[in-house]
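Everything below concerns the one structure shown next.
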Amino acid sequence: MTKQEIINLINQAEKQNENAFKTIEANAFLNQEKVLDAFKGNCVALRHFAGSTGYSYEDEGKHILSRVFATAFCAESAIVSPLIASGTHAISTALFGLLRPHDTLYSPTGMPYDTLVPVIIGDNNGSLKEFDVTFSKTDFLDNGELDIEKIKIALKEKPTVVFIQRSRGYRWRNSLSIETIGEMVNLVNKITPKSLIVVDNCYGEFAETREPLEVGADIIIGSLIKNPGGGLAPTGGYIAGKKDLIGKIANRLTAPGVGVEVGSYTDGYRNFFQGYFMAPHTTAEALKGALLFRSVFSCLGYEVLPKVCNNKNTLSDIICSIKFNNPDKLVAFCQAIQACSPIDSFAKPMPWDMPGYDNKVIMASGSFVQGSSIELSADGPMREPYIAFMQGGLNYAHIKIALQRVLEEF
């Protein structure tokens, strides 16, 4: 295609998504108001940006940051900590905090994300399985929908924890909407009301106007180098939900009886506060970018998720999936995304054996925060059907420029 043809194609995609963009912006306004009120309600002050050393018993900033997250996410309590290394670490901490020997963990959303497999069923690595926690799952139907009938049967076994993965992971399915999560929560509560409902909320924060806790989940978990960090948080994760459960999880994060009372961070918390304040806007920019990529690659004949239909915003997370059915095209796409990045644009990503994955993975992330996926990035496992998972973008203009240049090179 010529440059003008590319520009015309992008302009056409923008026009197609006008109504969806307006919905995203309206949602961002409501989410921004919610976050602002959380800051005001918890009296965030300049002194809360200061770091701490040693045991950090007097680290007021750490506790206020957690309270801001809890307020905006409608949680009784929260742990927000730079000591949490990743989303996987946050989820692992929560599961080990809530489950005991002979308990059962059940996933109605199939096998969790690749890096959680060793956590749950790994051998000789201290996994939940080695602590006599039983795991079971129900796979999605071939059409990507939840298998409700099999889920009903599995819930009759009264699992201790029901683990719902909101995002698609490395699978060809849509993310779960808040409405769908609410329906699942109602089903769990009807069949096994004592089961705890834990939601992996990664990539979904602020994509809609409600979070899973608002439809009855007990715990939500995520990473700060995704949506809620707003592109500014340099590391960390969060766990939010019911106060008694957060207490159990806090004892796993550090040590029993100690919980979140210790844990210093010398660099201070300004970037965490500021990132969370920016998160509704940054997430909205990423959502618009995902819709733009979706529409353009659909016009080019590629199969995409979410599908283009009825000019609606059907995104419940920031990810656009593009099926290439060809390993070379997957690699070329990720390399083109890297070339449009502000950092390390000269680098050429190649598939490699990333820790926690069974297949080689290619990942483009020329980001200010290493591995940040609220910044423009793309990745995928080197296995059929060779799907690229594109997400993020700190501002829509960068995403649009990147798309144009990807099409020029791809």
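Quick note on numbering that gives the first Met the number 0: the sequence shown kicks off at 0 and runs consecutively. Cβ atoms here follow ideal geometry from the backbone N, Cα and C, with glycine treated the same way.
- Annotation: the continuous beta strand (DSSP E) that includes Val79 extends over Ser76 to Ser80.
- Take the alpha-carbon of Leu314 and the one of Leu290: they are about 8 Å apart.
- In terms of Cα proximity to Met110, the closest of Val368, Gln164 and Glu260 is Gln164.
- Our two residues, Gln403 and Ala19, have alpha carbons roughly 21 Å apart in a direct line.
- By the beta-carbon neighbour count (other beta carbons within 10 angstroms, threshold 16), Leu104 is buried.
- Contact between Gly391 and Ile317 holds, since their C-beta atoms are separated by about 6 Å, short of 8 Å.
- Cys333 sits close to Ala377, with the two beta carbons spaced by under 8 Å.
- Going by beta carbons, Ile23 and Lys287 fall inside the 8 Å limit.
- Phe323 is not a Cβ neighbour of Met389, given a cutoff of 8 Å.
- Counting C-beta pairs with one atom in each stretch, the stretch 194–201 and the stretch 148–163 have three or more that are closer than 8 Å, which means they touch.
- In the structure shown, Val197 falls within a strand segment according to DSSP collapsed to helix, strand and coil.
- Within the DSSP bridge table, the entry for Asp378 names Met362 and Phe388 as partners.
- Contact between Ser364 and Gly370 holds, since their C-beta atoms are separated by about 6 Å, short of 8 Å.
- The alpha carbon of Glu374 has as its nearest neighbour, out of Met362, Pro380 and Glu383, the alpha carbon of Met362.
- The Cβ atoms of Leu115 and Thr87 sit closer than 8 Å to each other.
- Beyond the five residues adjoining it in sequence on each side, Ala71 comes within less than 7 Å, by CB distance, of Lys33, Val34 and Ala37 in the same chain, given in chain order.
- For the 8 Å CB-CB criterion, Gly236 and Ser126 do not form a contact.
- By the criterion of at least three beta-carbon pairs nearer than 8 Å, the stretch 73–82 is in contact with the stretch 255–270.
- For Cys333, the uninterrupted alpha helix (DSSP H) run begins and ends at Pro326 to Ala338, by DSSP.
- Distance from the Cα of Gly143 is smallest, within the candidate group Glu156, Lys151 and Ser166, for Ser166.
- Under the DSSP assignment, Gly221 falls outside any alpha helix (DSSP H), being part of the beta strand (DSSP E) whose first and last residues are Ile218 to Ser222.
- In the same chain as Tyr301, and ignoring 5 residues on each side of it, the C-beta atoms closer than 6 Å to its own belong to Ile321, in chain order.
- Annotation for Ala49: Gly60, Gly267 and Tyr268 place their beta carbon closer than 8 Å to its own, counting only its chain and skipping 5 residues before and after.
- Taking Leu231 as reference, the option from Asn123, Ser372 and Val259 with the minimal CA-CA separation is Ser372.
- Inter-residue distance for Tyr275 and Ile6 is about 34 Å (C-alpha atoms, whole angstroms).
- The alpha-carbon separation between Glu210 and Met381 amounts to approximately 32 Å.
- The beta-carbon separation of Cys319 and Val303, rounded to 7 Å, stays under the 8 Å limit for a contact.
- Looking at the DSSP output, Ile163 shares a beta bridge with Val198.
- Ile248 places its beta carbon less than 8 Å from that of Ala93.
- CA-CA distance, Ala283 to His101, rounds to 42 Å.
- Distance from the Cα of Tyr112 is smallest, within the candidate group Ala44, Cys201 and Gly53, for Cys201.
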